[in-house]
Amino acid sequence: MDILADTLQQPLLENAPIPQKLAKTPIQKTIRKTFKGAANLSNLLPTGTVLIFNILSPAFTHQGKCHTITSKTMTIALLTFCSLYCFIISFTDSFRDERGKVRHGIASLNGLWVMDSSVKLPSDEAKKYRLRFIDFVHAFMSTLVFIAIALSDKSVVSCFEPNLSDEEKDLLITVPMGIGLVCSFMFVVFPSQRHGIGFPLSPN
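Sequential numbering from 1422 applies to the sequence shown in our numbering.
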């Protein structure tokens, strides 16, 4: 009997007050925007490409000596491949199919070209992923950041120009830093909405 009385006294779930969302302070909003900007940077900056380049460049350049034409040619090929990869990866996107699997594709003027031919997006849905001008801006800046990092690599610089003047050394220090700062600022101001290869995709 006491249990029944306690149950009747308790408010029903539908009558329970809904907790209101607390307003965020200016500091919390600033921190949230900072983390969001950092996430955009991690998506757009060529971190994976730079890691591969830093691993391979000492072997390709023979620690910056490049005493043969083959080593110089291989270094140029490595720089070209990494630059093209940075450019092309900016046009990739992904989505979840009906089974929840992540599918990757390349943005085109008509929509998204899905790499897995067995999966096709409806035309209305594919148009949401179509190529935009901002994609070219992101691709160009991402490639520019990689080139700036490559220019600051000692083994690459020594391979093509072993005897640098003091002025050229100063330029190779300041120019890549300037390019990195400007491109990072642009990435924060104009973030990418794409979730390309290697970029995180939300569970939904």
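Cβ atoms here follow ideal geometry from the backbone N, Cα and C, with glycine treated the same way. These numbers come from a predicted model, not from an experiment.
Margin query: Report the start-end ranges of each beta strand (DSSP E) in the stretch 1508-1583 that is 3 residues or longer and not cut off at the edges.
Written below: 1513-1517, 1523-1529 and 1532-1535
Should residue 1594 go down as buried or exposed, given a rule of 16 or more other Cβ atoms within 10 Å for buried? Here residue 1594 is taken as the residue at index 173 of the sequence shown, counted from 1. That one is exposed.
Distance, residue 1588 Cα to residue 1549 Cα: The residue labelled residue 1549 in the question sits at position 128 within the sequence shown. The residue labelled residue 1588 in the question sits at position 167 within the sequence shown. Cα to Cα, the separation comes out at about 49 Å.
- Return the Cβ separation of residue 1487 and residue 1580 in integer angstroms, given the expectation that the two are a contact with Cβ distance under 8 Å. In the sequence shown, counting from the first residue as 1, residue 1487 sits at position 66. In the sequence shown, counting from the first residue as 1, residue 1580 sits at position 159. Sure, about 4 Å apart at Cβ, within 8 Å.
**Asked** Between the stretch 1472-1492 and the stretch 1566-1576, do at least 3 Cβ pairs fall closer than 8 Å?
**Response** Yes, since at least three Cβ pairs between the stretch 1472-1492 and the stretch 1566-1576 fall closer than 8 Å, the two stretches touch.
Just the C-alpha distance for residue 1546 and residue 1555, rounded to the nearest angstrom, thanks.
Walking along the sequence shown from the start, residue 1546 turns up at place 125. Walking along the sequence shown from the start, residue 1555 turns up at place 134. About 20 Å.
- prompt: Near residue 1507, what residues of its chain come up, given a Cβ to Cβ distance below 6 Å and the 5 sequence neighbours on each side ignored?
  reply: Position 86 of the sequence shown, counting from 1, holds the residue named residue 1507. Excluding residues within five positions, the ones whose Cβ falls inside 6 Å are 1467, 1470, 1563, 1564 and 1567.
Q | For residue 1472, the nearest candidate out of 1535, 1499, 1446 and 1492 (CA to CA) | A | Sequence index remark: in the sequence shown, residue 1472 carries index 51 (1-based). Considering only alpha carbons, the answer is 1499.
Residue 1583 versus residue 1474 - alpha carbon distance:
As a first step, residue 1583 must be located in the sequence shown, where it is residue number 162. As a first step, residue 1474 must be located in the sequence shown, where it is residue number 53. Taking the CA atoms as reference points, residue 1583 sits about 20 Å from residue 1474.
Whole angstroms are fine: how far does the CA of residue 1503 sit from the CA of residue 1585?
For the purposes of this step, residue 1585 is taken as the residue at position 164 of the sequence shown. For the purposes of this step, residue 1503 is taken as the residue at position 82 of the sequence shown. Whole-angstrom Cα-Cα distance: 25 Å.
Tell me, to the nearest whole angstrom, how far the beta carbon of residue 1535 is from that of residue 1526; I am working on the premise that it is less than 8 Å.
Within the sequence shown, residue 1535 is the residue found at index 114, counting from 1. Within the sequence shown, residue 1526 is the residue found at index 105, counting from 1. At roughly 4 Å, the Cβ-Cβ gap stays under 8 Å, so residue 1535 and residue 1526 are in contact.
**Request:** Write down the C-beta distance between residue 1513 and residue 1618 rounded to the nearest angstrom, noting that I regard them as a contact closer than 8 Å.
**Result:** As a working note, residue 1513 is residue 92 in the sequence shown. As a working note, residue 1618 is residue 197 in the sequence shown. That belief holds up - the Cβ atoms of residue 1513 and residue 1618 are roughly 5 Å apart, short of 8 Å.
Backbone secondary structure at residue 1611 - three-state DSSP: Taking the sequence shown and counting its residues from 1, one reaches residue 1611 at position 190. Of the three classes helix, strand and coil, the one that applies to residue 1611 here is coil, per DSSP.
Report task. Report the three-state DSSP secondary structure of residue 1586 (helix, strand or coil). Result -> Translated into positions along the sequence shown, residue 1586 becomes position 165. Reduced to three states, the DSSP call for residue 1586 is coil.
Open item on the list: Nearest by alpha-carbon distance to residue 1614: which of 1578, 1528 and 1542 is it?
Closed with: Against the sequence shown, residue 1614 aligns to sequence position 193. Among 1578, 1528 and 1542, the Cα nearest to that of residue 1614 belongs to 1528.
>> Please return the same chain residues whose Cβ sits closer than 8 Å to the Cβ of residue 1544, not counting the five positions on each side in sequence.
In response: Within the sequence shown, numbered from 1, the residue matching residue 1544 stands at position 123. Taken in chain order, the residues that qualify are 1532.
*residue 1446 - DSSP class collapsed to helix/strand/coil*: Walking along the sequence shown from the start, residue 1446 turns up at place 25. Residue 1446: coil per DSSP, three-state reduction.
Check your understanding: On the three-state DSSP scale, how would you describe residue 1503?
Key -> In the sequence shown, residue 1503 corresponds to position 82, counting from 1. Residue state, collapsed to three classes: helix.
* To do: Would you give the residue range spanned by the alpha helix (DSSP H) that residue 1476 belongs to?
  => By 1-based counting over the sequence shown, the position of residue 1476 is 55. Note, residue 1476: alpha helix (DSSP H), 1468-1482.
Review point. For residue 1481, does the count of other Cβ atoms within 10 angstroms reach 16, so buried, or fall short, so exposed?
Key: Translated into the one-based positions of the sequence shown, residue 1481 becomes position 60. The residue is buried, with at least 16 neighbouring Cβ atoms inside 10 Å.
- Give the DSSP-derived three-state secondary structure of residue 1600 in the structure shown. Here residue 1600 is taken as the residue at index 179 of the sequence shown, counted from 1. DSSP places residue 1600 in helix when its eight states are reduced to three.
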